[in-house]
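Under the numbering used here, think of the first position of the sequence shown as 247, with each following residue one higher. Quick reminder that beta carbons are idealized off the backbone N, C-alpha and C, glycines included. Predicted, not measured: the structure shown is a model, and the values here were computed from it. Okay, structure first, notes after.
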Amino acid sequence: MSQDKFNDIMGTIAKAIADKPVDASLAAFLTANYGPDSQAFKDVEALCREGEAGGWICGREQGGIKFGRCIKPGGIAGKFSVDVVRMNNVKGPHHVHPNGEIGMIMPVSGSPKFDGFPRGWYVDPPGSDHWPTVEGGDAYVLYLLPEGAIQFTGK
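Right, dumping it as structure tokens:
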């Protein structure tokens with residue numbers, strides 16, 4: 247049941263942003279409509295914990311990072327894939343976002359920041375790249391990728 251609720255919430259969010267440009271205005275929209283104080287955000291946080299315990303979120307691990315794709319593009323989340331990673335004071339592999347990345351940062355313990363962002367939403371535009379990094383604690387980072395596009399560079 248919790249996986250169905252997760253899918254429903256992510257489907258609702260994906261539908262709300264489907265036609266919006268992947269830029270700073272999208273981060274503002276998500277914060278205003280699905281921000282950290284919203285019930286949807288709180289539910290997703292709780293469902294990530296339940297999902298990890300149940301094995302349907304973060305089912306794989308490499309380099310101290312737990313990860314997994316929860317929703318493939320073309321399904322309940324429309325053109326978006328939905329992935330969740332769990333990172334605890336770690337730097338992940340360098341990658342490029344051909345179509346952008348829309349993310350949700352959810353602390354587990356400590357005061358983690360993901361690429362300098364605290365609990366809440368961030369948006370990286372198309373063509374952006376980074377070494378995803380969590381400092382200051384342990385966090386889930388959920389991200390929606392338009393068309394599921396991500397390119398790991400090996401840097």
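Please list, in chain order, all residues of the same chain as residue i whose beta carbon is under 8 Å from its beta carbon, the five residues on each side excluded.
{"i": "G281", "result": "F287, G366, W367"}
{"i": "K261", "result": "G324"}
{"i": "N279", "result": "A262"}
When the Cα atoms are used, what is the spatial distance from residue i to residue j?
{"i": "P392", "j": "G356", "result": "30 Å"}
{"i": "E273", "j": "V369", "result": "For the record, residue 273 in the displayed sequence is Ala; it is not Glu. In a straight line, the C-alpha of A273 is about 6 Å away from that of V369."}
{"i": "F275", "j": "G346", "result": "16 Å"}
{"i": "G400", "j": "G383", "result": "25 Å"}
{"i": "V354", "j": "E307", "result": "17 Å"}
{"i": "L388", "j": "M256", "result": "10 Å"}
With a threshold of 16 other CB atoms inside 10 Å of the CB of residue i, please say whether the residue is buried or exposed.
{"i": "G349", "result": "buried"}
{"i": "P267", "result": "exposed"}
{"i": "D283", "result": "exposed"}
{"i": "S327", "result": "buried"}
{"i": "P339", "result": "exposed"}
{"i": "F360", "result": "buried"}
{"i": "F398", "result": "exposed"}
{"i": "G310", "result": "exposed"}
{"i": "A385", "result": "buried"}
Assuming residue i and residue j are in contact, meaning their beta carbons sit under 8 Å apart, how far apart are those beta carbons, in whole angstroms?
{"i": "G314", "j": "V330", "result": "6 Å"}
{"i": "S248", "j": "G297", "result": "7 Å"}
{"i": "C304", "j": "F252", "result": "Actually they do not touch by this definition, with Cβ atoms about 13 Å apart."}
{"i": "K312", "j": "R295", "result": "K312 to R295, Cβ: 12 Å. No contact."}
Which same chain residues, not among the five before or five after residue i, have their C-beta less than 6 Å away from its C-beta?
{"i": "E291", "result": "M352"}
Assuming contact is defined by CB atoms lying nearer than 8 Å, are residue i and residue j in contact in what I supplied?
{"i": "D375", "j": "V342", "result": "yes"}
{"i": "A395", "j": "P344", "result": "yes"}
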